[in-house]
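Following: one structure in C-alpha cells, then a few remarks.
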Amino acid sequence: MAQYTQNQNQFAQTLMLGQVSEIPNPDVVSALFNPSSSAVLQNGSAVKLITGTSPGILIDAVSGPTDGPVFGVVTYNLRKNIYSAGDTIEVAAGGSYVVLESSAAIARGAKVVSTAATTGNDPTVATVSSASTQYITGTAIDTATASGQLLRVKIQPSFNGTV
Amino acid sequence: MKSVFFQTTGYDAQGKAIKEPVFLKHTNNRSIFKNGLRENGVDLRLNAAGDTAESATGYQIVTDTLTYIKKQISEQKFYEVPIADFIPTAVGDGAFAANLLTNRTYQVADDFETGNIRTGASNSRLAQVDVAIDSKTLKVVNWAKAIDYTIFDIEQALVANNWDPIEQKHRARKRNWDLGLQKSLS
Chain A
10 MAQYTQNQNQ
20 FAQTLMLGQV
30 SEIPNPDVVS
40 ALFNPSSSAV
50 LQNGSAVKLI
60 TGTSPGILID
70 AVSGPTDGPV
80 FGVVTYNLRK
90 NIYSAGDTIE
100 VAAGGSYVVL
110 ESSAAIARGA
120 KVVSTAATTG
130 NDPTVATVSS
140 ASTQYITGTA
150 IDTATASGQL
160 LRVKIQPSFN
170 GTV
Chain B
7 MKSVFFQTTG
17 YDAQGKAIKE
27 PVFLKHTNNR
37 SIFKNGLREN
47 GVDLRLNAAG
57 DTAESATGYQ
67 IVTDTLTYIK
77 KQISEQKFYE
87 VPIADFIPTA
97 VGDGAFAANL
107 LTNRTYQVAD
117 DFETGNIRTG
127 ASNSRLAQVD
137 VAIDSKTLKV
147 VNWAKAIDYT
157 IFDIEQALVA
167 NNWDPIEQKH
177 RARKRNWDLG
187 LQKSLS
C-alpha cells in the first residue's frame, strides 16, 4: 500500500493521515522514539511504551496487531511526518480521535488493530480478526468501504492480550 | 547575520512584485555532509527512512547547498461556482435563530376565460380570484471548525521556507465553508 498523498486539483478538501479530529483531544503527549530502534515511524503509526532509561515517555513502534499493548498513534504535523529513532514525537493516546487509513472495509463501531508502516507504505488499521491475540488500537467512528480510505478512529487501546 | 534577502525578479498578473530569495555568503548552515562535517562524507539519505522526501508533506525538507527555494508557492485549485449568481442569497438573515420560517404566497384563480362576460348587468355573478399562504420551516445548522498552530510551527516554517501556516489555515477553513455551502446548495 502506497503512501497517502494530497492532490493539487480537487472538488473538495480531503483529510490527512494522522490528522487529529474532534478537538480538543484529551491526551496528546510528546514522547521519545526509542533511540536504538530500527523501526520506521510516520503519521498514523501505532506506538507502545517500552522499558528503558529516559526522562520522557519512551516509545517504540508496534510491529503488528499482535504486538502491544498500544499506547497511542503518531499524529500528523506540519513539519515532518517520517521519524528517525531518537526523534520526539506527538502521540495521541486514549480518548483521542485520529484519522487513520484502512487496509480493508471497516464497519463503524468495529474494534481495529494496527499494521506497521514500512518505508514508502502507510500504516493501516483493520478490524480485529483474532480477539485473543491481538491488541486493539481503537474504535472506528466512520465507515471504510475498501482499503486505502481514511476514517476517524477513537483511540481506545486494550491493555492486555485479549480484546 | 541574514543569509538570504528577497529581490524583485518580475511582476505577476496582478502587478504584484514576485520576489525570489537570493542566497548570500553562507546557506543557513545547510550542509551536504553528514552532521555538517566534511569528514563524515556526503549525506545521501534523501529518501531514506527518517528523512522527508520531496513529495512527502512537511516543511522540513532535505536540501543541499545548490537547492534554490522558489518564492512562489503552488496552491490547490478547487471547482468553485459563484452561488449568488444563480440563487438569491441573503447572507446573515436570521443567522442565530433556531429555525427559519419562510412564508409562501399563492394566487388562486380559475382559467382566464371563466371571467368572460357580456356587460355584467342585472347582478350577474362574477368569477373570483383569491390568495393563499403557507409556510416552510427549516432548521438553522450551526457550523464551526477549529484551527490551531504552535509558535514552533510558525517560526520553523518561516525559517525553513516562505510558507505562512497561519494564513493558510485560515484560508483552508474559509475554503471548507465555501465548498460546503456550494455542495449543499447544488
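Sequence lines, in order, name chains A and B.
Those letters in the first sequence? Residues 10 to 172, by the working numbering.
Those letters in the second sequence? Residues 7 to 192, by the working numbering.
Glycine residues also receive a C-beta, built at the ideal position from the N, C-alpha and C atoms.
Cross-chain neighbours of residue 22 of chain A in chain B, by beta carbon under 9 Å: 82, 84, 178, 181, 182 and 185
Taking a Cβ distance cut-off of 8 Å, strictly less, list which residues of the region 18-46 of chain A are near chain D, in chain order. The structure shown contains no chain D; the protein chains it does contain are A and B.
Under 8 Å by Cβ, that's how I've got residue 80 of chain A and residue 100 of chain A pegged, so tell me the actual separation to the nearest angstrom. 7 Å
Using only the alpha-carbon positions, how far apart do residue 157 of chain B and residue 109 of chain B sit? 51 Å
Which runs of the beta strand (DSSP E) at least 3 residues long sit entirely within the region 49-100 of chain A? Give them in chain order. 55-58, 66-70 and 81-83
Near residue 44 of chain A, what residues of its chain come up, given a Cβ to Cβ distance below 8 Å and the 5 sequence neighbours on each side ignored? 94 and 95
Considering only C-alpha positions, which residue in the set B:67, B:185 and B:120 is nearest to residue 168 of chain B? B:67
For a contact meaning CB atoms closer than 9 Å, what does residue 159 of chain B contact in chain A? 86, 87 and 88
Sorted by chain position, which residues of the same chain lie with C-beta nearer than 8 Å to residue 181 of chain A's C-beta, five sequence neighbours on each side aside? Residue coverage of chain A in this structure runs from 10 to 172, which leaves residue 181 of chain A outside it and unanswerable.
Classify residue 165 of chain B: buried if its beta carbon has 16 or more other beta carbons within 10 angstroms, exposed otherwise. exposed
Compile a chain-ordered list of the residues in the region 88-100 of chain B whose CB is closer than 8 Å to at least one CB of chain A. none
Consider the Cβ of residue 150 of chain B: report whether some Cβ of chain A lies at a distance smaller than 8 Å. no
Indicate whether residue 173 of chain A and residue 73 of chain A have their beta-carbon atoms separated by less than 8 Å. Here chain A comprises residues numbered 10 to 172, so residue 173 of chain A is not present and cannot be evaluated.
Looking at residue 49 of chain A: is its Cβ nearer than 8 Å to the Cβ of residue 68 of chain A? no
Pick from A:162, A:22 and A:15: whose alpha carbon is nearest that of residue 84 of chain B? A:22
With three or more beta-carbon pairs closer than 8 Å as the criterion, would you say the region 33-40 of chain A touches the region 58-68 of chain A? yes
Straight-line Cα distance separating residue 179 of chain B from residue 95 of chain B: 21 Å
Return no unless some Cβ of chain A is closer than 8 Å to the Cβ of residue 133 of chain B. no
How would you list, in chain order, the residues of chain A whose beta-carbon sits under 7 Å from the beta-carbon of residue 162 of chain B? 88
Give me the Cα-Cα distance between residue 29 of chain A and residue 54 of chain A, rounded to the nearest whole angstrom. 13 Å
Expected contact under 8 Å - CB spacing of residue 143 of chain B and residue 105 of chain B to nearest Å: 5 Å
Can you tell me whether DSSP reads residue 117 of chain A as helix, strand or coil? coil
Grouping DSSP H, G and I as helix and E and B as strand, with all else coil, what is residue 86 of chain B? coil
Nearest to residue 148 of chain B (by Cα), restricted to the options B:113, B:126, B:98 and B:124: B:98
Can you find the residues in the same chain that come closer than 7 Å, C-beta to C-beta, to residue 77 of chain A, ignoring five residues on each side of it along the sequence? 57, 71 and 144
Top-ranked residue by Cα proximity to residue 177 of chain B, from B:92, B:113, B:81 and B:114: B:81
Which of the three DSSP states, helix, strand or coil, is assigned to residue 165 of chain B? helix
Please classify residue 32 of chain A as buried or exposed, where buried requires at least 16 neighbouring CB atoms within 10 angstroms. exposed
What residue range does the beta strand (DSSP E) around residue 113 of chain B cover? 105-114
What did DSSP end up calling residue 110 of chain A once you bin it into helix, strand or coil? strand
Reduced DSSP category for residue 46 of chain A - H, G, I as helix; E, B as strand; rest coil: coil
Any heavy atom of the ligand GDP within a distance shorter than 7 Å of the CB on residue 94 of chain A? What this structure holds is no ligand at all, so the ligand GDP is not there to describe.
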